[in-house]
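Participant:
In the numbering used here, the protein residues as written are 590 to 851.
1. So the candidates are 701, 819 and 725; which of them puts its Cα closest to the Cα of residue 625?
2. What does DSSP give as the partner residues of residue 694 in its beta bridges?
3. Give a yes or no on whether 8 Å exceeds the smallest Cβ distance from residue 834 to chain D.
4. Which residues bound the alpha helix (DSSP H) around residue 810?
5. What first and last residue would you give for the beta strand (DSSP E) that runs through residue 663?
6. Going by the C-beta, is residue 729 closer than 7 Å to any heavy atom of the ligand GTP?
7. Can you look up residue 751 in the DSSP assignment and give me helix, strand or coil?
8. Is the region 629-647 touching the region 768-779 in the sense that three or more CB pairs, one from each, lie closer than 8 Å?
9. At 4 residues or longer, and completely inside the region 757-783: list those alpha helix (DSSP H) runs for me, N to C.
10. Going by beta carbon distance, what residues of the same chain come within less than 6 Å of residue 728, once the five residues before and after it are set aside?
11. Expressed to the nearest angstrom, what Euclidean distance is found between the alpha-carbon atoms of residue 737 and residue 609?
12. According to DSSP, is residue 817 helix, strand or coil?
13. Taking its Cβ as the centre, do 16 or more other Cβ atoms sit within 10 Å of residue 790, making it buried, or is it exposed?
14. Along the chain, where does the alpha helix (DSSP H) that runs through residue 728 open and close?
15. Who does residue 685 pair with in a DSSP beta bridge?
16. Return the first residue and the last residue of the alpha helix (DSSP H) that residue 630 is part of.
17. Out of curiosity, what's the CA-to-CA distance linking residue 692 and residue 785?
18. For residue 788, tell me which candidate among 811, 683, 641 and 732 has the shortest Cα-Cα distance.
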C-alpha cells in the first residue's frame, strides 16, 4: 500500500504507456522500497514504547534512549528535504529523499534512516564526483542534511534556536559498513562536512549507527510478550518477510551472524 501511494512501484514501459501493449505494473523483488514500506507499516502499528528505544540503542551500540511515551510521534517513508544550501557546499545538489524519517517532540528528536537491500551505499551522489576534497557518499549526505535540518549550523537569524536531537542510521541486511565506522568518529565526520566550522556543536554521541535485519528481528522478538494479538501478527509477518528477503541475498554477501538468525 505505502509503496504504491508514494509512487515507488516502478513505471510502465514506453509501449505500455503509449497503449501499444497491456502489461501489469510489477515491483522488482530486489527493490529496497518494498521492504521500506513493509517496515514502516509495522512500525506504525506497534506501540513505540516496546520497540523504538531498543531499535535506536541497538543501531547506535549504546544505551542512548529510554522507553517512554513519544509525543507527536511521526514515522514517514520517503520524505523529501529541500536542496542543501549552496553556501555550504562547493557543488550544486538537488533535494534529498530520506527513506524513513522518525520524529517526536519530548525532547525534539529526528531520526534519518537510509534503507538498503542488495545495493550498497553509493560512494558518490549527483554532481559530487568532480571534486576530491570532500566525500559525496549517501551516508554523509544524509548526515549533513539532517544536521542542517535540525539546526546545527549557525544561522543568520536574529534569534538563536535550540537544535533538535539527531540520529542517522543505515538499515541493511548486514552490518559492519566502513562508512558507518568512519563517520562515528567526530574528527572524520567534521573533515567530511564542508564548512564544518559553522557547526555550533554536534548531537550527543553516538548519533551515527547501523542495524541489520537479524537485529531488527531480535528487537521485535524480545518484546513479543508485551504486544497485543494484532501487534504480534504484524511482527510475525515482518519477521518472516525479513527472513525471506535475507535468504534471497547472494550467498557470498551474507554474514554468518545473519545466516544463524534466519
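Ideal Cβ placement from N, Cα and C applies to all residues, glycine included.
Facilitator: Short version:
1. Taking the chain shown and counting its residues from 1, one reaches residue 625 at position 36. Answer by Cα proximity: 701.
2. Along the chain shown, one-based indexing puts residue 694 at 105. Answer is 697.
3. In the structure shown, chain D does not exist; there is a single protein chain.
4. Start at 1 with the first residue of the chain shown, and residue 810 comes out as number 221. Here the alpha helix (DSSP H) through residue 810 covers 802-811.
5. Here the question's residue 663 lines up with position 74 in the chain shown. First-last of the beta strand (DSSP E) with residue 663: 663-670.
6. For the structure depicted, the ligand GTP is absent and the ligand set is empty, with no information on it obtainable.
7. Stepping through the chain shown from its first residue, residue 751 is reached at position 162. In this structure, residue 751 counts as coil in the three-state DSSP scheme.
8. no
9. 767-772 and 775-781
10. As a first step, residue 728 must be located in the chain shown, where it is residue number 139. So the list reads 710 and 768, once near-sequence residues are dropped.
11. Here residue 737 corresponds to residue number 148 of the chain shown, with the count starting at 1. Here residue 609 corresponds to residue number 20 of the chain shown, with the count starting at 1. For residue 737 and residue 609, the distance between alpha carbons rounds to 47 Å.
12. Along the chain shown, read from residue 1 onward, the residue named residue 817 stands at position 228. Note: residue 817 maps to coil in three-state DSSP.
13. Here the question's residue 790 lines up with position 201 in the chain shown. So residue 790 counts as exposed.
14. Residue 728 sits at position 139 when you count from the first residue of the chain shown. Unbroken alpha helix (DSSP H) run through residue 728: 727-738.
15. Taking the chain shown and counting its residues from 1, the one referred to as residue 685 is at position 96. Answer is 670, bridged to residue 685.
16. Your numbering for residue 630 matches position 41 in the chain shown. Note, residue 630: alpha helix (DSSP H), 621-634.
17. Residue 692 sits at position 103 when you count from the first residue of the chain shown. Residue 785 sits at position 196 when you count from the first residue of the chain shown. Looking at the two C-alpha atoms, the distance is approximately 24 Å.
18. On the chain shown, position 199 is the one that residue 788 refers to. Looking at the Cα atoms, 732 is the closest of the given residues.
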